[in-house]
Amino acid sequence: MYLHGASLPTMKKVLSLLVAFVFLQVQSWALSGGPVFLHNGNPSIIGTYGGVLIPQSSTSTPATLQPASIGIFSMSVPETGISAGVAIVFVNGVAFIGQIAGIGDGDKGTIQGLIAGESNFTVTIGTQQFNINAQGSFKAKVIQGSSGAFTPAPAGSGNGAASSSSSSTPSTSSEVGSTNSARLTGTAEIGTFFRVNTITGEPLIDVVVTYAIDGIKQNNVPANVTTVPFNFTGGGSGS
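Numbering follows UniProt numbering, in which position 107 of the sequence shown is assigned residue number 107; successive positions increment by one, without gaps.
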């Protein structure tokens, strides 16, 4: 084919530019292991997250917050519908196992919702015993974190011979269990009761704990998070 008015060197330059453009476009599509961004520049909120709830402050009776007040969670954020997962929260040493659920806003890059759990710790009302529960809310934002977050020790570093080289061993996305460096940050406020009104039977909120959320996107694909890897041991009671 011959185009009138275009010299062969000129056509070669045009074709070279087109090939370069196509090559760069294909390369960008092929970066499945890199962060997924929306048109607004924020990382996509869709995926599976894991994180820690770190206690910051509390309003309690008595007003103390024991070291055994921390939580962990795993949550799936789908493209449509309710985000859901599981959570284990410790409030002053008492474990609450339950669910975390919320709604994601892709435009704002936020996830807001509820956390609720039940303990085997019981309170007595008259002659009956009831398990106590914890309920609260959270608000978190998906942000682009720095690379290399949650870097693990390399395989075999459990022995002395291998641990000496751990600092020089680079980590990969498959090692850290994350397809990008998107992180989840925010706050959660959870209240629970250890006493009841002996006249009305209503729970008396004894402890309200504010937690900082420190999480990471572990996969760009929403997983079905339903299993809690934790069992109660022993029991407790209150009055």
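Built from N, CA and C at the ideal position, the CB exists for glycine as well. Bear in mind the structure is a predicted one, so any value in this text is a computation, not a measurement.
Through-space distance from L114 to A84, alpha-carbon basis: 10 Å
Whole-Å CB distance - Y211 paired with T187, under 8 Å assumed: 7 Å
Same chain, Cβ closer than 6 Å to P78, neighbours up to 5 away in sequence not counted: P222
Residue burial classification, Q129 (beta-carbon count within 10 angstroms, cutoff 16): exposed
C-beta contact flag for S76 and V225 at 8 Å: yes
Pair within 8 Å by beta-carbon distance, A116 and G145: no
Collapsed DSSP secondary structure at P43 in the structure displayed: strand
Classification of I132 by the beta-carbon crowding that lies within 10 angstroms, buried from 16 upward: buried
Close beta carbons around G106, own chain, < 6 Å, minus the five adjacent residues each side: I45
Pairwise C-alpha distance: S137 and I103: 12 Å
Coil, strand or helix - P55 by DSSP: strand
Per-residue burial, I82 [other beta carbons within 10 Å of its own, 16 or more giving buried]: exposed
Residues of its chain near I72, where Cβ-Cβ distance is below 6 Å and the 5 sequence neighbours each way are ignored: V52, I88
K217 burial status per 10 Å Cβ neighbour count (16 or more: buried): buried
Pick from Y49, I213, I70 that is closest to V91, judged by C-alpha positions: I70
Length of the line joining the Cα atoms of G109 and D214: 15 Å
Short CB-CB distance (under 8 Å) between S137 and chain D: Protein chain content of the structure displayed is limited to a single chain, and chain D is not contained in it.
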